[in-house]
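J.:
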Amino acid sequence: EIVQRVLFPLVNEGFKILEEGIASDPSDIDIIYLYGYGWPAYRGGPMFWADNEVGLQVVLRKLEELHIMHPGSEYFRPSELLKDCVKKGLGVQQYVKQSKRSRL
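Per our numbering, the very first residue in the sequence shown carries number 288; after that it's consecutive.
Rendered as structure tokens:
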């Protein structure tokens, strides 16, 4: 529960960073956390971890639960990109690659 309350919002912020165009690729966010904040390398970074170890559906479901419990907090409000990835059944890396291809 503690890990979910702390790390799922962190992942959600990563999705918001991608939405806002601050980062163009999930691996950019992972690199920052690996080398800048000491994220365990064997986990691959928070975006990779959420996508491949936890599952985006699990992250979204828990964030929605936490947002209902804390409606005044933006901390737990799921990003639109996260919702879209889950809706389309795509991982964040797949989604970004697909979006880049469609822009060409």
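By construction, the Cβ of each residue, glycine as well, lies at the ideal position given by its N, Cα and C atoms. Predicted, not measured: the structure shown is a model, and the values here were computed from it.
Determine the closest residue to residue 315 out of 335, 365, 347, with distance taken between C-alpha atoms.
T.: Here residue 315 refers to the residue found at position 28 of the sequence shown. Selected option, being the one with the closest Cα: 335.
J.: Would you say residue 354 touches the ligand MG, meaning its beta carbon is less than 7 Å from a heavy atom?
T.: With respect to small molecules bound, the structure shown includes none, and the ligand MG cannot be examined in it.
J.: Could you compute how far the alpha carbon of residue 306 sits from the alpha carbon of residue 341?
T.: Start at 1 with the first residue of the sequence shown, and residue 306 comes out as number 19. Start at 1 with the first residue of the sequence shown, and residue 341 comes out as number 54. So the alpha carbons of these two residues sit roughly 21 Å apart.
J.: Looking at residue 328 and residue 321, is the spacing between their C-beta atoms short of 8 Å?
T.: Locating residue 321 in the sequence shown gives position 34, where the first residue counts as 1. Locating residue 328 in the sequence shown gives position 41, where the first residue counts as 1. Yes.
J.: Check whether the Cβ atoms of residue 378 and residue 333 lie closer than 8 Å to each other.
T.: Taking the first residue of the sequence shown as position 1, residue 378 is located at position 91. Taking the first residue of the sequence shown as position 1, residue 333 is located at position 46. The answer is no: Cβ separation not under 8 Å.
J.: When the distance is taken between beta carbons, is residue 299 closer than 8 Å to residue 343?
T.: Your numbering for residue 343 matches position 56 in the sequence shown. Your numbering for residue 299 matches position 12 in the sequence shown. Going by C-beta atoms, residue 343 is not nearer than 8 Å to residue 299.
J.: Quick one: residues in its chain with C-beta nearer than 8 Å to the C-beta of residue 317, no 5 flanking neighbours on either side, listed in chain order?
T.: Here residue 317 refers to the residue found at position 30 when the sequence shown is read from its first residue. Answer for residue 317: 326, 331, 332, 333, 334, 335, listed in chain order.
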